[in-house]
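Inspection log for the structure reproduced underneath, given as structure tokens.
4 protein chains.
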Amino acid sequence: MAKKTVNVGLVGYQFMGKAHSNAYRQVARFFDLDVQPVMKAICGRNEANVRAAAEKYGWESYETDWKKLVARDDIDLIDVSTPGNSHAEIAIGALNAGKHVVCEKPLANTLADTREMLAAAQKAGVVHALCHVYRKAPAIGLAKQLISEDVIGKIYHFRATYLQDWIVDPNFPLVWRLQKEVAGSGSHGDLNAHLIDMARYLVGEIAEVSGMMETFVKQRPKLAASDDRLGGKASDEMGDVTVDDAALFLARFENGAVGTFEATRFALGRKNYNRFEINGSKGSIAFNLERMNELELYLASDPENIRGFRTIAATDSMHPYAGAWWPVGHIIGYEHTFINLMSDLFQAIAHGTPVNPNFEDGVRNQAVLEAVEKSAATRQWESAAI
Amino acid sequence: MAKKTVNVGLVGYQFMGKAHSNAYRQVARFFDLDVQPVMKAICGRNEANVRAAAEKYGWESYETDWKKLVARDDIDLIDVSTPGNSHAEIAIGALNAGKHVVCEKPLANTLADTREMLAAAQKAGVVHALCHVYRKAPAIGLAKQLISEDVIGKIYHFRATYLQDWIVDPNFPLVWRLQKEVAGSGSHGDLNAHLIDMARYLVGEIAEVSGMMETFVKQRPKLAASDDRLGGKASDEMGDVTVDDAALFLARFENGAVGTFEATRFALGRKNYNRFEINGSKGSIAFNLERMNELELYLASDPENIRGFRTIAATDSMHPYAGAWWPVGHIIGYEHTFINLMSDLFQAIAHGTPVNPNFEDGVRNQAVLEAVEKSAATRQWESAAI
Amino acid sequence: MAKKTVNVGLVGYQFMGKAHSNAYRQVARFFDLDVQPVMKAICGRNEANVRAAAEKYGWESYETDWKKLVARDDIDLIDVSTPGNSHAEIAIGALNAGKHVVCEKPLANTLADTREMLAAAQKAGVVHALCHVYRKAPAIGLAKQLISEDVIGKIYHFRATYLQDWIVDPNFPLVWRLQKEVAGSGSHGDLNAHLIDMARYLVGEIAEVSGMMETFVKQRPKLAASDDRLGGKASDEMGDVTVDDAALFLARFENGAVGTFEATRFALGRKNYNRFEINGSKGSIAFNLERMNELELYLASDPENIRGFRTIAATDSMHPYAGAWWPVGHIIGYEHTFINLMSDLFQAIAHGTPVNPNFEDGVRNQAVLEAVEKSAATRQWESAAI
Amino acid sequence: MAKKTVNVGLVGYQFMGKAHSNAYRQVARFFDLDVQPVMKAICGRNEANVRAAAEKYGWESYETDWKKLVARDDIDLIDVSTPGNSHAEIAIGALNAGKHVVCEKPLANTLADTREMLAAAQKAGVVHALCHVYRKAPAIGLAKQLISEDVIGKIYHFRATYLQDWIVDPNFPLVWRLQKEVAGSGSHGDLNAHLIDMARYLVGEIAEVSGMMETFVKQRPKLAASDDRLGGKASDEMGDVTVDDAALFLARFENGAVGTFEATRFALGRKNYNRFEINGSKGSIAFNLERMNELELYLASDPENIRGFRTIAATDSMHPYAGAWWPVGHIIGYEHTFINLMSDLFQAIAHGTPVNPNFEDGVRNQAVLEAVEKSAATRQWESAAI
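What follows is the structure, encoded as structure tokens:
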């Protein structure tokens with residue numbers, strides 16, 4: 001019997017389009033899948049650009065209107081990799097057309113939108129997935145296993161930072177990520193969303209938060225009109241930055257743990273410094289995305305004279321996903337987290353099972369994000385319950 | 001002309017008594033001082049213990065009543081190294097007797113007490129010093145220099161943790177540090193006080209805070225009655241833990257920077273992990289007390305292809321205090337921060353100049369600590385202004 | 001004008017076959033190439049295995065006899081990814097057929113063979129390349145730039161280790177890599193070959209060596225007859241290990257620098273620890289393959305109070321090859337070094353220019369390897385001149 | 001009964017004089033000793049300097065002639081902290097006078113001298129000690145325990161480097177350490193001596209060696225005549241450097257382990273980088289003197305998915321010597337290794353037991369050093385047997 005295939009339609013062709021295209025191209029080369037993805041069509045509004053992307057990344061065809069893509073009978077899975085403000089409309093359109101949907105994070109820019117998306121997904125009865133890909137790093141998979149097996153015990157602390165430095169220069173232009181109507185928020189939705197997903201995955205649901213948000217550079221040069229992409233050229237005209245440069249919050253988890261979260265684009269020297277530590281009653285774990293193949297682990301059960309944080313190279317065949325890749329000690333990179341997630345997604349599609357993370361995670365993530373924003377406004381603790 | 005001497009009387013003979021005695025014994029052996037300390041008398045309530053300490057640590061005499069010590073004509077400087085609840089009475093007694101005073105941190109357990117102590121010091125016109133000794137690590141001295149010289153520019157972020165793990169075991173007994181009436185608070189006054197001092201020293205005054213405090217283990221075995229020291233034996237009877245196990249807060253500085261602070265005794269694997277990072281408009285610095293001879297520095301002014309955090313061994317003769325010690329690459333330890341501070345103190349006494357940190361720092365530190373406690377109770381932001 | 005294509009034929013389908021297949025599949029997706037590779041045919045002796053590999057890795061066809069592959073008119077480039085003892089025959093066959101050739105390292109198991117291969121390549125006038133892929137890590141490319149620009153000055157020291165631990169267990173079976181007639185040598189040709197290539201690339205030619213080789217475990221269980229692959233099952237019968245477990249040597253470079261080299265498969269905890277350091281008159285650099293996205297750099301020209309090794313994330317668009325991949329701080333992995341090398345190879349084919357490293361590097365590398373083996377036998381220094 | 005005392009006479013007042021004086025002053029303050037050291041007299045040829053040192057470091061008296069010191073009845077222990085070329089004469093003089101002797105490393109500059117010293121010590125029947133103080137770091141003490149308890153199994157590899165950078169500048173003057181007649185050798189006796197001691201202590205005796213030595217900068221400015229100390233001012237006249245800048249060797253141990261040793265003063269950025277790693281059949285350990293409070297340990301017996309090098313803070317009360325110092329996580333420094341050694345020395349004197357390391361270690365150390373020098377000359381392997 002020939003293997004079944006899943007025809008993929010991807011909306012978006014920039015940074016995430018590149019990463020997702022790569023994942024579709026690679027996933028069946030490294031994982032034994034029960035269905036095979038077919039790179040059917042890529043979609044974007046600028047025809048010249050999307051045509052070039054189709055050729056570059058290996059898509060069979062392209063579309064310039066997502067509604068046409070969604071309407072195509074030969075598409076089984078829609079991948080939503082556009083800026084956050086268009087996620088809800090596209091995803092709901094796809095779900096209503098009965099397609100499986102995988103969506104880049106954040107699921108949407110508002111809690112209301114995420115709820116509608118989840119409802120549409122549940123009604124459609126399809127597979128829905130959310131691209132919080134860092135869950136799929138082998139080191140994080142190992143962390144999840146250790147926590148599930150009670151290796152670090154009852155969790156007391158989660159502390160996480162996601163630090164970048166790409167807009168410290170006040171002359172860096174006003175790209176779409178700095179505009180609230182497109183991006184929803186700044187470092188908060190971009191970076192804290194990752195930390196919240198990790199916290200929820202590894203520690204549990206967040207009950208309440210106290211947050212603050214700050215915009216250090218309040219005006220920046222607008223982009224030259226013809227260039228709307230990240231990294232475009234600045235014009236002479238100034239415009240208001242309408243999102244946060246940094247967003248920090250304290251949290252209480254439902255299970256009694258406490259947490260600190262900090263996202264910023266103003267930490268010079270930190271490029272993609274998604275680092276967290278979890279302290280439990282039996283041990284601690286720590287992770288840094290800049291060294292994403294490593295997990296640090298401390299065990300109180302070690303003999304007392306040789307206790308210490310050990311650095312585990314999560315590159316061995318028994319580590320989650322790692323067996324699909326290279327021999328121990330041969331590291332993988334950023335893009336592999338997407339491929340690992342896609343392997344889960346296609347197996348879920350093959351077997352009609354749920355995948356994690358999914359739209360429910362998107363709703364809960366957004367609920368925390370909005371609670372923090374509310375707290376920053378009211379200057380008091382706010383519930384993060386959905 | 002013979003060098004002048006300063007006769008020292010030390011109150012307290014336990015952990016801090018050991019560290020301070022060592023500092024008095026060593027300071028003139030490594031620094032060229034304009035006055036020489038003389039280890040005149042040590043004071044403690046248990047005569048057998050204090051007599052042994054006097055012999056062990058090299059004090060000429062001992063007292064069992066601090067009031068007698070303070071009344072002695074042959075004492076010029078009183079060192080207050082007792083638990084925090086007795087600092088105010090002893091220090092004010094000494095100040096009223098015209099003695100110079102150096103006090104262990106925290107200056108006192110309440111803001112009201114610290115204000116009285118500062119007033120008494122100002123009235124007495126003597127030298128007053130506060131033992132936030134980490135300021136005196138060469139790496140911190142270097143950090144201060146770099147910030148003063150605008151090397152890292154306008155500061156945006158301060159993030160600090162002080163993590164320990166000595167009471168994670170729920171059977172660890174109810175020592176004095178876990179009792180509010182003696183210790184004032186738990187991890188907050190013990191550890192956050194250090195972070196606050198560092199923040200104030202390197203970044204500036206804190207304007208407002210939002211905090212939370214948590215006691216994970218709410219009851220512990222009482223100590224056997226005969227043993228009141230840290231590390232004593234547990235009895236069968238349980239008692240209430242009346243201080244925080246962890247205390248976390250967000251802060252805004254007067255200069256616009258934002259900060260995160262976290263103190264805990266529940267971070268397995270972290271023994272004395274006082275780590276902070278400062279991000280400015282031109283660069284970043286980072287420090288970890290467990291590797292206290294090193295300072296990490298990132299400079300945006302480096303050529304773009306070779307930018308990165310550099311690890312500076314602050315052990316060279318041009319680094320603050322380091323010239324008094326060993327050749328470059330030969331590290332110093334915890335105790336040396338006390339000796340470095342004492343070298344500043346005795347020079348201040350010799351020349352009638354102020355020393356840093358001093359009682360004014362103690363007042364401001366306590367104001368922040370209390371603002372956090374208030375915020376934890378009101379569940380909203382509180383001003384830290386004095 | 002349509003882009004030209006290069007039809008590839010790959011001999012070998014195991015570990016290196018997987019890595020090379022991936023490189024051909026990916027290279028044109030990330031690099032703008034002036035010729036496009038076409039994955040025409042893969043070749044291996046076991047038809048079932050090679051057919052499965054062709055499907056898995058995306059080859060259009062397969063062959064079971066390399067001579068047939070080499071004879072095919074539709075093949076432009078032969079990739080030799082078999083064990084070292086067959087490299088010479090296959091490569092020379094391909095060269096004599098006028099194909100471009102890229103060969104896995106080592107170029108061959110004997111210096112005599114490498115010389116013949118180089119002669120054949122020169123006679124054929126084609127592009128020849130050798131897969132010392134670590135040259136193509138962005139961090140190494142940066143190191144090369146810095147050295148070329150005299151940033152670290154005259155080089156005094158090179159010290160390198162390549163440490164692994166996969167055969168410490170004495171029950172690990174007698175795989176082909178432990179048999180001299182197939183593998184040529186053990187850790188020496190496998191691991192020291194990498195170090196020698198790096199040394200030659202970054203420091204210069206090696207003049208003379210003093211070496212030693214050691215086999216710690218002299219007999220191991222033979223593999224079950226049906227299984228000749230790495231990781232296969234052990235039988236009850238013991239056989240002799242005929243290669244080195246560890247090989248160490250001292251070296252003098254032609255330019256006066258001195259070096260230490262150490263390769264072992266007996267360093268527990270080191271999985272792929274290819275670490276080296278270079279010290280020059282103006283600075284030092286250090287690299288560790290397990291953290292291959294990072295380069296450490298020390299500059300004596302930094303202000304004296306802030307000198308230290310900086311850790312550079314070689315993931316920025318200005319770093320060699322990195323611009324083809326992901327944003328700064330998003331790391332790449334082991335496989336990308338192959339893809340980067342292939343991008344050089346296809347540009348060389350497009351433009352008829354040489355590529356580095358090539359068969360000449362293979363000759364020189366083998367000359368050093370053999371000089372070390374000779375030195376280990378004669379117990380004195382030996383010339384490494386070719 | 002009053003505690004007994006041991007009266008100490010120290011020859012030398014420069015760097016080592018400072019470190020040893022400190023050790024005598026401190027040892028009884030932190031360790032419970034069965035005899036108490038008394039700092040009786042310090043000795044040096046320059047009266048003004050030695051008088052100042054006596055006052056600064058706390059010696060009761062001074063001498064300007066070591067023969068007078070050795071002849072004093074009130075001296076029990078002679079400490080030889082002069083440059084290596086005077087060790088033999090002074091130590092033998094002291095031994096013949098029946099004094100206990102502690103000698104700085106190297107024991108002497110020639111194997112012949114060390115043999116005579118050992119013979120004199122054995123004849124005198126006193127306690128003799130050699131200041132290879134790094135043995136006394138708690139992390140090294142822990143390493144020794146782990147090896148003794150077979151935790152890392154049969155040892156296969158020892159690899160060590162001792163890297164410094166203080167003479168990279170060719171204008172650094174021709175101090176005594178660069179003159180063979182005083183220093184005996186350069187980096188070899190200064191730095192490799194430390195590595196050899198560590199190797200012998202932790203791994204076992206060295207059977208044979210193959211070495212090389214190099215002087216990169218062959219002439220340097222002579223010191224101004226009036227200044228013979230390290231760090232003095234350069235004159236306009238050039239002189240020959242008669243010692244090695246770097247010394248490297250391979251070794252075979254009697255127990256079958258193999259080793260690499262490298263000492264250099266030409267490794268920019270490495271200040272006191274005494275780093276070694278030991279690989280055994282059950283685990284590995286690693287150490288770096290620049291982070292001397294830490295020991296890295298890998299255990300093959302850990303569960304396979306969580307194996308990794310752990311970083312142990314050897315600052316806990318159960319670690320060797322650490323209980324005498326500060327609470328866990330509060331680090332000690334360079335000088336403490338001397339104090340720890342002195343605590344062993346005085347206990348040995350109190351109980352008439354041997355101390356390690358001692359003059360026998362000095363003989364064996366020198367035998368290895370000379371074998372390396374011989375090998376560098378003969379360009380072949382040489383035996384290091386005594």
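Residue numbers (our numbering), protein chains in the order written: chain A, 1 to 386; chain B, 1 to 386; chain C, 1 to 386; chain D, 1 to 386.
Every residue, glycine too, gets a C-beta built ideally from N, C-alpha and C.
Look at the Cβ atom of D/Ile278, then the Cβ atom of D/His100, and state whether they are nearer than 9 Å. no
Could you give the uninterrupted runs of the alpha helix (DSSP H) lying entirely in the segment 106 to 145 of chain D, keeping only those of 4 residues or more? 111 to 124
Which residues in chain B sit within 9 Å of C/Asn305, going by Cβ to Cβ distance? Leu142, Gln145, Leu146, Ile312, Ala314, Asp316, Met318 and His319
Contacting residues, own chain, Cβ-Cβ under 8 Å from A/Leu230 (five flanking each side not counted): Residue placement at A/Leu230 is poorly supported in this model, since its pLDDT is 49, which falls under 50; the coordinates still yield a value, given next. Excluding residues within five positions, the ones whose Cβ falls inside 8 Å are Gln14, Phe15, Val175, Trp176 and Arg177.
Fully enclosed by the segment 198 to 284 of chain C, which beta strand (DSSP E) runs are 3 residues long or longer? 206 to 214, 219 to 223, 234 to 240, 246 to 253, 258 to 264 and 273 to 280
Taking only beta-carbon atoms, is D/Gly308 less than 9 Å away from chain A? yes
Taking A/Met16 as part of the alpha helix (DSSP H), name the residues at either end of that continuous run. Phe15 to Phe30
So D/Leu248 contacts chain A; which residues on that side make the cut at Cβ distance below 8 Å? Neighbours of D/Leu248 on chain A: none; closest Cβ ~27 Å, over 8 Å.
Following the continuous beta strand (DSSP E) through B/Thr64, name the residue where it begins and the one where it ends. Careful: B/Thr64 lies outside any beta strand (DSSP E) and carries neither H nor E.
So what does D/Ala41 bridge to, in DSSP terms? D/Gly9 and D/Ser61
C-alpha distance - D/Pro303 paired with A/Ile312, whole-angstrom precision: 11 Å
Check the Cβ-Cβ distances between A/Tyr24 and every residue of chain D, and say whether any is below 9 Å. no
From the DSSP secondary-structure annotation, give me the bridge partner or partners of D/Asn288. D/Arg275
Indicate whether D/Tyr62 and D/Ala54 have their beta-carbon atoms separated by less than 9 Å. yes
Tell me whether D/Ala246 counts as near the ligand NAP, meaning its Cβ is closer than 8 Å to at least one heavy atom of that ligand. The ligand NAP is absent from the structure shown, which contains no ligands of any kind.
For A/Phe216 and A/Asp79, I'd like the C-alpha separation in whole angstroms. 35 Å
Can you tell me which of C/Ile386, C/Ala348 and C/Glu360 puts its alpha carbon nearest to the alpha carbon of C/Leu77? C/Ala348
Say whether chain A places a C-beta atom closer than 9 Å to the C-beta of D/Leu130. no
Check the C-beta distance from A/His194 over to A/Tyr162 and give it rounded, since I have them as a contact under 8 Å. 6 Å
Candidates C/Gly125, C/Ser81 and C/Thr110, of which the one nearest C/Asn96 by Cα: C/Gly125
A/Met292 touches chain F at which residues, Cβ-Cβ below 7 Å? No chain F appears in this structure, whose protein chains are A, B, C and D.
For C/Leu195, the residue or residues it bridges with in DSSP: Paired residue(s): none; C/Leu195 is not in a bridge.
Under a three-way DSSP split, which group does D/Asp190 fall into? helix
Assuming contact is defined by CB atoms lying nearer than 9 Å, are A/Leu248 and A/Gly189 in contact in what I supplied? no
Is the Cβ of B/Asn365 closer than 9 Å to any Cβ of chain D? no
What three-state label does DSSP hand C/Leu33 in the structure shown? coil
Could you say if the segment 134 to 144 of chain C and the segment 197 to 209 of chain C meet the contact criterion of at least three C-beta pairs nearer than 8 Å? yes
Within 10 angstroms of the Cβ of D/Thr260, are there 16 or more other Cβ atoms? Answer buried if so, exposed if not. buried
Please go through the same chain and pick out, in chain order, the residues whose beta-carbon is closer than 7 Å to the beta-carbon of C/Gln219, but skip the five residues on each side of it. Met238, Gly239, Asp240 and Val241
For B/Gln380, go through chain A and note every residue whose CB falls closer than 9 Å to its CB, in chain order. Ser210, Thr378, Arg379, Gln380 and Trp381
Are there three or more Cβ pairs, one per stretch, closer than 8 Å when the segment 21 to 33 of chain D is compared with the segment 335 to 344 of chain D? yes
Whose C-beta lies closer than 6 Å to the C-beta of D/Tyr57 among residues of the same chain, with five residues either side of it excluded? Ser21
For a contact defined as C-beta to C-beta under 8 Å, what are the partners of B/Leu297 on chain C? Ile306 and Gly308
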